[in-house]
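Using our numbering, the letters of the sequence shown correspond one by one to residues 7 to 326. Glycine residues also receive a C-beta, built at the ideal position from the N, C-alpha and C atoms. The structure appears right after this line, and notes come after that.
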Amino acid sequence: MFSDEARQFDSKSGKLIHLLTLEGVAASLYRDLFAQAGEYIDPSSGRIRKSAALCDRLLINAFFESSTRTRMAFEIAAKSMSAEVVNFDMAGSSATAKGESYADTISTIVALGADLLVIRHGEDGAVAQASALVPDGVALINGGDGCNAHPSQGLLDAWTITRRKGKVAGLRIAIVGDIVHSRVAHSLVHAFTTLDAKQVSLAGPPELLPESPLPAGVDLSEDVDKAVTAADVIVVLRMQYERMDDQEAKQSRSGYTANYCIDRRRVAMAAPDVMVMHPGPLNRGMELTSEVADGEHSSILQQVTNGVAMRMAIMQMLLA
């Protein structure tokens, strides 16, 4: 068993050398990343500012699972900082097809000259495992591992809230959907509790809620109406059918939209200035309606833009 938390900080200096999880990350590091990410967005246009901070550095995206937003965001972020980028679709690579081990594949990628490696993998702990295989000076970012963690998404979501609300502290936040299979939800719980949210409610079908115990300030609910009432932020998650067996998927599909979909009625139950968020990909009409996704309360597209700037800040902290 690999400890994500133990492997991501240098044992002597305490410096962040890999980003594997948000567990154990101090609030001060969030503030540093928020400030740095803000430098990468032009305040007048809202567009990403270019930088030469990572000139002559090489980013390799090694995605053992398919991805659109995360891989593109890291690629755009790296190129916006003048880094070289190589994308490896490991799911269809000859290494996977020919039976090469995960450890040998990672070692090969590092030997190609990577300064930074972003890994997405279907197994919990796979990225922490890779941290034992890379030499000093090569940084790893967890682009999502199994149901475990998605730290860059957690950071960009917390920053998106901070940009719109001023802070996370004191807010009531509802996370609705498939909680137990969501690596995003797990990272968000760490982020929101570290940043002193007043309450974090995890809501969804009973079979998709995690087991207790939970951190202080976090509660479970099968009643979405209750969870979203007076909420300042609603984070909507999709059903992770690829992580369910056939019986779980069938059970989850049955009545989900009628009982858990975030629609105009449920948004009206929240705070008047509620934010509605979704990490994507979203399934319109199932977990939320188009009226909500495209409405005045939605921050979904802002999350995407912020995701580029936040990943620039993460790479800056790890490499520059």
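Anticipated Cβ contact below 8 Å, residue i with residue j, distance rounded
| i | j | result |
| --- | --- | --- |
| A58 | S88 | 5 Å |
| A180 | V144 | Not a contact, Cβ separation roughly 39 Å. |
| K171 | L177 | 6 Å |
| G160 | V190 | 7 Å |
| L26 | P216 | Contact doesn't hold; Cβ gap of about 20 Å is too wide. |
| L294 | V241 | At roughly 11 Å, the Cβ-Cβ gap does not stay under 8 Å, so L294 and V241 are not in contact. |
Per DSSP, the bridge partner or partners of residue i
| i | result |
| --- | --- |
| M283 | V241 |
| F205 | Strictly speaking, residue 205 in this sequence is Gln, with Phe absent from that position. Bridge partners of Q205: R178. |
| S304 | V282 |
| D151 | H127, A155 |
| A68 | F94, I125 |
| F15 | L22 |
| I54 | I47 |
| R272 | Answer is none; R272 lacks a bridge partner. |
| L294 | I268, R290 |
For residue j and residue i, the rounded distance between their alpha carbons
| i | j | result |
| --- | --- | --- |
| G128 | E213 | 21 Å |
| L220 | R55 | 39 Å |
| Q396 | N67 | Missing from the structure shown is residue 396; the chain here goes from 7 to 326 and no further. |
| R317 | L307 | 16 Å |
| L28 | A84 | 21 Å |
| A289 | L243 | Note on identity: in this sequence residue 289 is Asn, with Ala being the wrong assignment. Distance between the alpha carbons of N289 and L243: 9 Å. |
| L39 | I320 | 7 Å |
| A41 | G261 | 43 Å |
| A237 | I82 | 33 Å |
| G20 | Y36 | 15 Å |
| D95 | I115 | 12 Å |
| S17 | G30 | 14 Å |
| I125 | D231 | 37 Å |
| T235 | M283 | 16 Å |
Spatial neighbours of residue i in its chain, beta-carbon cut-off 7 Å, leaving aside the 5 residues before and after
| i | result |
| --- | --- |
| G210 | V182, G183, D184, I185, Y266 |
| A33 | T200, L201 |
| D130 | D151, G152, C153, N154 |
Neighbourhood of residue i by C-beta, 8 Å cutoff - its chain only, sequence neighbours within 5 removed
| i | result |
| --- | --- |
| N312 | A43, I47, L162, W165, T166, R169 |
Span of the beta strand (DSSP E), counted from its first residue to its last, around residue i
| i | result |
| --- | --- |
| V91 | 90–95 |
Unbroken alpha helix (DSSP H) run spanning residue i, endpoints
| i | result |
| --- | --- |
| F80 | 75–86 |
| L35 | 33–45 |
| S227 | Here S227 belongs to no alpha helix (DSSP H); instead the beta strand (DSSP E) covers 224–227. |
| H192 | 189–200 |
| G232 | It should be noted that the sequence gives Lys, not Gly, for residue 232. From DSSP, the alpha helix (DSSP H) with K232 extends over 230–234. |
Chain-order list of residues whose beta-carbon lies under 6 Å from that of residue i (same chain, five-residue window excluded)
| i | result |
| --- | --- |
| A132 | D151 |
| R75 | G286 |
| E90 | L64 |
| A326 | A59 |
| M292 | T263 |
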